[in-house]
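Contents: one structure, followed by commentary.
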Amino acid sequence: MTGRHRPDAIAVVDDDPRLRQLIGGYLSQEGYEVFEAENGRSLASILLRRAIDLIVLDVLLPGEDGLSVCRRLRAMGVRTPIIILSAKGEDADKIAGLTMGADDYVCKPVNPRELRARIQAILRRSSPREEPGGPSIANEIVRFGPFEFNLGTRTLRKGDRILGITTVQIAILKVLVRHTGQPLSREKIAQVARGRELGAYDRSLDVQVSRLRRLLEDGAFSYIQTVWGVGYMFDPSGREGVGRHLQASGEAASW
Numbered sequence: 696m697t698g699r700h701r702p703d704a705i706a707v708v709d710d711d712p713r714l715r716q717l718i719g720g721y722l723s724q725e726g727y728e729v730f731e732a733e734n735g736r737s738l739a740s741i742l743l744r745r746a747i748d749l750i751v752l753d754v755l756l757p758g759e760d761g762l763s764v765c766r767r768l769r770a771m772g773v774r775t776p777i778i779i780l781s782a783k784g785e786d787a788d789k790i791a792g793l794t795m796g797a798d799d800y801v802c803k804p805v806n807p808r809e810l811r812a813r814i815q816a817i818l819r820r821s822s823p824r825e826e827p828g829g830p831s832i833a834n835e836i837v838r839f840g841p842f843e844f845n846l847g848t849r850t851l852r853k854g855d856r857i858l859g860i861t862t863v864q865i866a867i868l869k870v871l872v873r874h875t876g877q878p879l880s881r882e883k884i885a886q887v888a889r890g891r892e893l894g895a896y897d898r899s900l901d902v903q904v905s906r907l908r909r910l911l912e913d914g915a916f917s918y919i920q921t922v923w924g925v926g927y928m929f930d931p932s933g934r935e936g937v938g939r940h941l942q943a944s945g946e947a948a949s950w
């Protein structure tokens with residue numbers, strides 16, 4: 696396993712409950728944390744709330760097919776590794792899946808042991824997990840308005856001035872900027888940023904977000920939007936009311 700703080704989390708997306716249970720049960724026995732989804736919308740709900748390390752994605756899904764889901768995730772900037780499962784084994788089908796952004800393509804019927812081996816190989820190649828609040832392995836720099844956030848040096852600047860920011864605030868801001876424009880639940884932010892789950896009455900995350908907002912004050916702009924009924928979202932444009940609009944239109948629950 697590659698995780699230091701938790702088992703690797705695998706999302707298994709297939710409309711066949713028997714196959715989901717077969718694959719999910721086997722991977723659970725192998726020490727993975729497994730989340731099952733029957734279609735793209737169910738997967739979206741999981742990704743909204745959980746940190747997922749790899750997605751096993753069937754092609755023939757009801758509604759939006761797996762290839763379209765894969766393409767949409769990549770267009771959104773989601774870097775989570777994806778293994779496509781398909782009954783179609785022609786070279787053209789495999790090329791289409793890999794072109795859409797999949798990391799691997801496995802034909803059905805699938806041997807669970809082979810699938811596990813492929814998962815292990817992909818996770819070994821993936822970037823190692825960073826410590827919550829720790830420096831980014833890559834020297835990423837995010838600029839928005841007058842601010843510059845360097846994820847490698849863990850510094851936040853406003854113009855020429857370095858702002859004081861705590862380790863917890865760095866971790867939260869890192870999660871938000873890496874999911875720009877994507878509504879994230881409070882639970883997922885806490886899990887990724889702090890390496891632990893939120894308690895039922897734990898409001899510490901909201902306190903830290905409130906302090907971050909004050910730190911990122913820039914006139915009337917608000918870079919951290921509240922998405923009502925979901926959580927928070929980073930919007931580099933700083934437009935007011937974006938989160939409220941997302942909730943009202945139902946976009947927060949979709950891709």
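Here the sequence shown stands for residues 696 to 950, numbered as in the working numbering. From the three backbone atoms N, C-alpha and C, an ideal C-beta is built for every residue, glycine too.
Query: Leaving aside the five residues before and after Lys-789 along the sequence, list all residues of the same chain whose C-beta is less than 7 Å from its C-beta, in chain order.; Result: Tyr-800
Query: Go to Ile-705, then tell me how far its alpha helix (DSSP H) extends in each direction, as first and last residue.; Result: Note, Ile-705: premise wrong, no alpha helix (DSSP H); beta strand (DSSP E) at 704 to 708.
Query: Just checking, does the stretch 738 to 745 make contact with the stretch 709 to 719 on the three C-beta pairs under 8 Å criterion?; Result: no
Query: Relative to the alpha-carbon of Arg-774, which residue among Met-795, Ser-781 and Val-754 has its alpha-carbon at the smallest distance?; Result: Met-795
Query: Does the Cβ of Val-925 have 16 or more other Cβ atoms within 10 Å, making it buried, or fewer, making it exposed?; Result: buried
Query: Would you say the stretch 861 to 869 touches the stretch 728 to 736, given that touching needs at least three Cβ pairs under 8 Å?; Result: no
Query: Starting from Gly-926, follow the beta strand (DSSP E) in both directions and report where the run begins and ends.; Result: 926 to 929
Query: Evaluate contact between the stretch 748 to 758 and the stretch 838 to 847, counting only Cβ atoms and requiring at least three cross-stretch pairs below 8 Å.; Result: no
Query: Closest to Asp-760 by CA distance: which of Arg-811, Ile-860, Arg-881 and Gly-735 is it?; Result: Gly-735
Query: Can you grab the Cα-Cα spacing for the pair Phe-916 / Gly-840, in whole Å?; Result: 9 Å
Query: What span of residues does the beta strand (DSSP E) with Leu-749 cover, start to end?; Result: 749 to 753
Query: Which class does Thr-850 belong to by DSSP, given the choice of helix, strand or coil?; Result: strand
Query: Do you know how far the Cα of Thr-921 is from the Cα of Ile-654?; Result: Outside the displayed span of the chain (696 to 950) sits residue 654, for which this structure offers no information.
Query: Using only alpha-carbon positions, find the residue among Asp-855, Arg-769 and Ala-704 that is nearest to His-874.; Result: Arg-769
Query: Would you kindly work out how many angstroms separate the C-alpha atoms of Phe-929 and Met-771, rounded to a whole number?; Result: 14 Å
Query: So for Ala-895, helix, strand or coil by DSSP?; Result: Residue placement at Ala-895 is poorly supported in this model, since its pLDDT is 46, which falls under 50; the coordinates still yield a value, given next. Here Ala-895 sits in coil by DSSP.
Query: For Val-837, which residues in the same chain have their Cβ closer than 6 Å to its Cβ, ignoring the five residues on either side in sequence?; Result: Phe-844 and Val-872
Query: Can you grab the Cα-Cα spacing for the pair Val-751 / Ile-777, in whole Å?; Result: 6 Å
Query: Which residues in the same chain have their Cβ closer than 8 Å to the Cβ of Ala-746, if we skip the five residues on either side of it in sequence?; Result: Ala-704, Lys-883, Gln-886 and Val-887
Query: Which whole-angstrom value describes the C-beta separation of Ile-919 and Val-904, a residue pair presumed to lie in contact below a C-beta threshold of 8 Å?; Result: 6 Å
Query: Could you work out which residue in Arg-819, Glu-809 and Leu-911 is closest to Arg-856 when comparing CA atoms only?; Result: Leu-911
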